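Written below as structure tokens is the structure these notes are about.
Numbering (the working numbering), first residue to last: -18 to 498.
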């Protein structure tokens, strides 16, 4: 291991990291060159010594996770040359025991473990039907426990995963369960590696002084993909069908995610879950996934997780030539109930987040069940029950979310008469303050005019006038000062143009309509 040269002049942290990384990569280049040279001369023992020197750079504690990642990537690329050479040695009949004995000479644990993984994986690739394959993979994942430093162990396990992901026993491949293992062994292998990597990732938040916590969290963000790669690997196994996903994979991952009690890890891994596994799997496991959301750490932004899942399923439902949502899966029976449970489990959830979830639910109802007006009204009813305040300030985040919620049916139905079927639309709009009620009234009338919707009965006129009454009658909460003349003229112009849409072929009905207006 090189000695660290302490600069005589003060450097910025970024410059210091760049210098340390440059020094390490220079050592890697020199040692990898010597390693390749010795391999070309068939001097395996000397080549392994240079490989150890190269891998020794990964023992450093001076590099940031980002710089360490660059160093690790460079060294991993160089190890590929050694892997090719060892595979050729196996093909020529060299015994695995000989190579294992050679790499044991590595004095430090990090170089030794990287070399043991390299030798073990080459052996498995060379003899895929060998009786030792399952045992070798199990030994390698257990071996990584010997590294006590979380960052180093995290990268070591990532190296193990990258080396093994293409050789894990999968469905459709000829295997002998007693020798090479089967798909269940592959799932167990990746789940174990995932659990250990997640624990290491979570442990990193406790390394160092408390004043550096924000810095450590940023660094952990940079490393999240290492942990998520395990989920990607699981999703790419052909043998992971819906049944195995439900019975083994989902429960194994959710148990680890919920129990880690770390907001960063939980939020990332749940989002990763949604991204990497197929929509068909999500549809079959909505209840356990959403139940896990209710158990997440209080600091987790669970709203984003649920909205991401709903948005993905909505896209799936609208795929051209896609199967759509199976008839036996009642999305609108599942989501509102589970979302309500999540909200109840988080008493301090911001009100705007609660309304955002209702926005997502109303999108789900309108896009997946366009003919079910009662589903939309059910969301509005739930939202009415959630509110316990009178007027919401126009500038507030809650007001913005509530505006989004109420505009969705207006925009989607494009017909005010359909909106009138929503019994809870008007009661919900009453929670706005004066300015927001006026704005929503203008929006409703503009939509009616845009689509030239004719109003043909007195009941319809009554309902619409009730909906836009802020433009017609003085309000107790309106400002004392006179309104802006131009704004007032525009608002009254909308009302005047709306009157022209009030027409009925029945003279008596027309009289009642005009009398109401």
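Glycine is no exception: its CB is placed at the ideal position from the N, C-alpha and C atoms.
Quick caveat, the model's predicted, so the values are computed rather than measured.
Member of the options whose CA lies at the smallest distance from the CA of residue i
| i | options | result |
| --- | --- | --- |
| residue 259 | 57, 240, 226 | 226 |
| residue 319 | 274, 340, 347, 428 | 274 |
| residue 401 | 3, 357, 50 | 357 |
| residue 345 | 295, 463, 362 | 295 |
| residue 41 | 67, 176, 130, 102 | 130 |
| residue 353 | 316, 403, 69 | 403 |
| residue -2 | 39, 44, 77 | 44 |
| residue 220 | 80, 466, 165 | 165 |
| residue 148 | 397, 115, 179 | 115 |
| residue 457 | 372, 427, 470, 379 | 372 |
| residue 312 | 302, 342, 337 | 342 |
| residue 298 | 289, 310, 349, 334 | 349 |
| residue 183 | 193, 202, 192 | 202 |
| residue 255 | 287, 236, 239 | 287 |
| residue 513 | 461, 127, 118, 205 | Past the edges of the chain, shown from -18 to 498, lies residue 513, and the structure says nothing about it. |
| residue 289 | 323, 252, 321, 322 | 252 |
| residue 324 | 305, 367, 347, 291 | 367 |
| residue 76 | 105, 52, 393 | 105 |
| residue 277 | 292, 238, 309 | 238 |
Whole-angstrom C-beta distance between residue j and residue i, which should lie under 8 angstroms
| i | j | result |
| --- | --- | --- |
| residue 448 | residue 405 | Contact flag wrong, Cβ pair sits at about 12 angstroms. |
| residue 59 | residue 9 | 7 angstroms |
| residue 83 | residue 25 | 7 angstroms |
| residue 264 | residue 307 | 7 angstroms |
| residue 390 | residue 359 | With a Cβ gap of about 12 angstroms, residue 390 and residue 359 do not count as contacting. |
| residue 174 | residue 212 | With a Cβ gap of about 11 angstroms, residue 174 and residue 212 do not count as contacting. |
| residue 386 | residue 336 | 6 angstroms |
| residue 416 | residue 375 | 4 angstroms |
| residue 5 | residue 38 | 5 angstroms |
Residues bridged to residue i [DSSP beta-bridge criterion]
| i | result |
| --- | --- |
| residue 373 | 413 |
| residue 436 | 483 |
Collapsed DSSP secondary structure at residue i in the structure displayed
| i | result |
| --- | --- |
| residue 483 | strand |
| residue 155 | Residue placement at residue 155 cannot be trusted, given a pLDDT of 49 that sits under 50; the coordinates are not used to answer. |
| residue 304 | coil |
| residue 462 | coil |
| residue 0 | helix |
| residue 62 | helix |
| residue 87 | coil |
| residue 427 | helix |
| residue 334 | helix |
| residue 500 | Absent from the structure is residue 500, since the part of the chain shown begins at -18 and ends at 498. |
| residue 474 | helix |
| residue 143 | helix |
| residue 222 | coil |
| residue 42 | coil |
| residue 74 | coil |
| residue 339 | helix |
| residue 266 | coil |
| residue 174 | helix |
| residue 350 | coil |
| residue 253 | helix |
| residue 281 | coil |
Counted within 10 angstroms of its Cβ, other Cβ atoms place residue i as buried (16 or more) or exposed
| i | result |
| --- | --- |
| residue 86 | exposed |
| residue 411 | exposed |
| residue 94 | buried |
| residue 382 | buried |
| residue -6 | exposed |
| residue 266 | buried |
| residue 284 | buried |
| residue 150 | buried |
| residue 32 | buried |
| residue 249 | buried |
| residue 280 | exposed |
| residue 478 | exposed |
| residue 339 | buried |
| residue 155 | Any reading at residue 155 is ruled out, since the residue's pLDDT is 49, under 50, leaving its predicted position unreliable. |
| residue 268 | exposed |
| residue 544 | Because residue 544 is not part of the residues shown, which for the chain are -18 to 498, the question remains open. |
| residue 170 | buried |
| residue 247 | buried |
| residue 210 | buried |
| residue 481 | exposed |
| residue 69 | exposed |
| residue 92 | buried |
| residue 413 | buried |
| residue 432 | exposed |
| residue 28 | buried |
Cutoff 9 angstroms: residue i Cβ touching any chain C Cβ
| i | result |
| --- | --- |
| residue 72 | Structure shown: chain C not included; a single protein chain is present. |
beta-carbon residue i near the ligand HEM non-hydrogen atom, thresh 8 angstroms
| i | result |
| --- | --- |
| residue 285 | As far as ligands go, the structure on display features none, and thus does not contain the ligand HEM. |
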